[in-house]
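Taking it in order: structure first as structure tokens, then the write-up.
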Amino acid sequence: MKQTQTFQAEIKKLLDLMIHSLYSHKEIFLRELISNASDAMDKRKFLSLTDENALPAGTELNIELETLPDQKILKIKDNGIGMTYEEAEKFLGTIAHSGTKELLQHIQEAKERPELIGQFGVGFYSSFMVAKKVSVHTQKVGSTEAVLWESEGDGTYTIDRIPKADGIGTTITLHLKTDEKNENKNESTDDHSEFDSQDFTAFWTLKSLIKKYSDFIRYPIKMKNDKSEFEILNSQKALWLKSPSEVKEEEYNEFYQQISHDWQKPAKTIHFKAEGTMEFQALLFIPSKQPWNYYSRDIEYGPNLYIKRVFIMNHCQDLMPRHLRFVKGIVDSSDLSLNVSREMLQKDRKVTGIKKSLVNKVYNTLKDLMTQERSQYESIWNEFGSTIKEGLVDEMQAKEKIQDLLLFHSTNSDQLVSLKEYIERKKEDQKSIYYLSGDSLDVVKKSPYLEKLKVKGIEVLFCVDPVDEWVMPSLGVYQELNFVSLTKGDLDLDSEEEKKEVETFEAKFKPLMDTIKKHLDTDVKDVRFSHRLTTSAACLVSAENDPTAHMQKLMEKMGQGAGAMGGNLKRILELNPKHPIYEKMTSSTEDIQKKWAEIIYYQALLFEGSPIPNPQKFTEHINELMLNQK
Ligand code: ADP
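Everything in the sequence shown is counted per my numbering, starting at 657 for the first residue and increasing by one.
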């Protein structure tokens, strides 16, 4: 019996945006439907690897376009896996993927920047951009009944079982809108109507759209031409099997755009063939920008896997580590068995071998880019650097390779610097690599922690990427130099003379120091004279084995408060003995010394960008000082 159902709320919203707000690139509906058809055929083929009834011998998997121009009808037929009643209800009436909210938000944005629309996998629903009514006629492999699903994109759809079926697969019938321009006239402000006038029943229009968006689809896409002969509209080229010298750059770019749904060119193409113990071909791409859904938790990654030219699966995560999840592409192996299951892939040692070789190739390509095409490398680094750095924490054995890919801002100049370059220009007697972490470049550049190193002319690396707090300690040693955080422990930078000088101050200010220590006892772990300041009066540092203040802040942001770090860790207050304020304090009353000690402590907190616990008291002290000023 025919049932009328309502769409899930998100879909209603999505449809509404599709129908009323997006004017350009309506043509991408075809790419989306062809890509769904191709996926459905992949699934049927994959099933046939273990179930021979799923694909009787002699069945050619293909997509057929059929048009009825007089009735403004376009049909897209595939003989893929098909859908059952329950599947049609679920897949076409709800949005299964978890990134829906995000997707909606991005589509909202695309209202303002319609050129973005092509980037989102809007899928099946994009058909409502061009059709006033969509019918889906589908029959699942192994089932004798078919399903008819229909909707006018108005918030409801109907679904019905139909006993007589034409065969396994899915036919999507689009009843095309006739006068789109007039329909949307009132809402259209810009002229994005470049494609509005396209006739999606015309052979030449469809042929050129297939060429543009779906040329590399691995199944033939057929359509009857003007002479009523079937023509195959796509080249189905397995580009990765060709030798790189035979492939033009445009072909790589088009191929990349089709597999990634990115409309920009890739930043780097890596095409190679492995021979010897392992035989496979790989065509990998590094995108030039992060995709819109890059930060969603369940982003799919990894190259698409083929075995002896037979498609096995999209996004084979066993072939790429998570920290290289931005790499897209295809791997075709002649060593793996066609009867693999997804579970078996994980344990297959050959798969691990291919992964290792792919990863090395990516690292080596990046390293070459860094030395040979620096500005291009820097733009890749800006997009994907923090992702690459995750590898240092997740996979210790990746350290050797990744450490040479790192780039940092530094005190030296506005240019990014690698560790190798840092070491090449370091001071001769410099024993460590110094770094300072913080929330932003602006903050760290002005930090008092840099004072001493500036005077000594030592370069300091800035770590302003949140992952750096985890990454830097995992680096350990680089070319025999330790990594030292400026906000921790003893910097060990002083000459014998300077050390003596501090000792003199310590003796001189002993009584003052005792008062300050006692008074600030609940706030800080210790108070001592500093070796790192030259102009500021004081700063706070973490003890050698404690996490830095920045790390504590990050943990709190992530919902892991002080508890996770073993309580709110107290730090060490360092005073600059050369600052005239201490000389002045020695001749003040103990009461004044205590107040000033508090002001100095609060100043140190403000310096590092931390809130002060008692702003009222701070203000009172300052006001008192102002009033006493003659
Ligand atoms: P996506 O393709 O991103 O999953 P769609 O909205 O395009 O999202 O499609 C939703 C689901 O409907 C697909 O995942 C698939 O399971 C099913 N589907 C769509 N088109 C077809 C088709 N031609 N044949 C079989 N299943 C299909």
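Here a beta-carbon is modelled for each residue, glycine too, at the ideal position from N, C-alpha and C.
Between Tyr813 and the ligand ADP, is there a pair consisting of the residue's CB and a ligand heavy atom that are separated by less than 7 Å? no
How far does the beta strand (DSSP E) with Gln661 in it extend, from its first residue to its last? It spans Gln659 to Thr662 - the beta strand (DSSP E) in which Gln661 sits, taken as one unbroken run.
Measure the beta-carbon distance from Lys870 to Asn890 and round it to whole angstroms, keeping in mind my assumption that it falls under 8 Å. The sequence given here places Ser at residue 870; Lys does not occur at that position. Sure, about 6 Å apart at Cβ, within 8 Å.
Can you name, in chain order, every residue of its own chain whose Cβ lies under 8 Å from the Cβ of Gly1219, other than the five neighbours on each side? Its pLDDT being 47, under 50, Gly1219 is placed unreliably in this model, and the value from its coordinates should be taken loosely. No residues qualify anywhere along the chain.
Around the Cβ of Thr723, are there at least 16 other Cβ atoms within 10 angstroms (buried) or fewer (exposed)? Buried: at least 16 other Cβ atoms inside 10 Å.
Looking at the secondary structure, which residues open and close the alpha helix (DSSP H) in which His608 lies? An answer regarding residue 608 cannot be provided, because it is not within the stretch 657 to 1286 covered by the chain.
Indicate the three-state DSSP secondary structure (helix, strand or coil) for Gln1032 in the structure shown. helix
Between which two residues does the alpha helix (DSSP H) harbouring Asp1150 extend? Where Asp1150 is concerned, there is no enclosing alpha helix (DSSP H), given that its DSSP letter is neither H nor E.
Does DSSP put Ile675 in a helix, in a strand, or in coil? helix
My guess is that Val797 and Ile737 are in contact by the Cβ rule of under 8 Å, so how many angstroms apart are they, rounded? 5 Å
Pick helix, strand or coil for Phe1161, following the three-state DSSP scheme. helix
State yes or no: is the C-beta of Gln892 within less than 8 Å of the C-beta of Phe872? Going by C-beta atoms, Gln892 is nearer than 8 Å to Phe872.
Coil, strand or helix - Lys669 by DSSP: Shown here, Lys669 sits in a helix according to DSSP, grouped into three states.
Quick check: what's the CA-CA separation for Asn718 versus Glu806? 24 Å
Kindly examine the ligand ADP and report whether one of its heavy atoms sits closer than 7 Å to the Cβ of Thr826. yes
Option nearest Tyr813 by Cα separation, candidates Val790, Pro922 and Val1140: Of the listed residues, the one whose Cα sits closest to Tyr813 is Val790.
On the three-state DSSP scale, how would you describe Met879? strand
On the DSSP bridge list, what partners appear for Gln795? Under DSSP, Gln795 takes part in a beta bridge, and its partners are Gly825.
Would the C-beta of Glu720 count as close to the ligand ADP, meaning under 7 Å from any of its heavy atoms? no
Tell me the residue span of the alpha helix (DSSP H) that contains Trp1252. Glu1246 to Phe1263
How would you call Arg687, buried or exposed, if buried means at least 16 neighbouring beta carbons within 10 angstroms? buried
For Ala930, I'd like the list of residues in its chain whose CB is within less than 6 Å of its CB, leaving aside the five on either flank, ordered along the chain. Here the set comprises Phe936 and Ser1013.
Stretch pair the segment 1029 to 1038 + the segment 915 to 925: three plus CB contacts closer than 8 Å: yes
Would Phe1165 and Pro1104 be called neighbours here (beta carbons separated by less than 8 Å)? no
Could you give the DSSP three-state label for Asn718: helix, strand or coil? coil
Gly985 (DSSP reduced to helix, strand or coil): strand
When you compare the segment 965 to 985 with the segment 1041 to 1061, are there three or more beta-carbon pairs, one atom per stretch, that lie closer than 8 Å? yes
Beta-carbon separation (whole angstroms), Leu830 vs Leu748, contact threshold 8 Å: About 14 Å separates the two Cβ atoms, so there is no contact after all.
The segment 1092 to 1102 touching the segment 1153 to 1173, judged by at least three CB pairs closer than 8 Å: no
Looking at C-alpha atoms only, which residue of Asp822, Pro712, Asp726 and Gly809 is the closest neighbour of Glu666? Gly809
Put Gly1223 into one of helix, strand or coil per three-state DSSP. With a pLDDT of 48 at Gly1223, under the threshold of 50, the predicted position of this residue should be treated as unreliable, and no value is reported.
Sub-8 Å separation of Met785 and Asp734 beta-carbons: no
Compare the C-alpha of Val1180 against each of Ser1198, Pro1167 and Leu1168 and name the closest. Ser1198
With contact counted as at least three CB pairs below 8 Å, one residue from each stretch, are the segment 1061 to 1071 and the segment 1114 to 1121 in contact? yes
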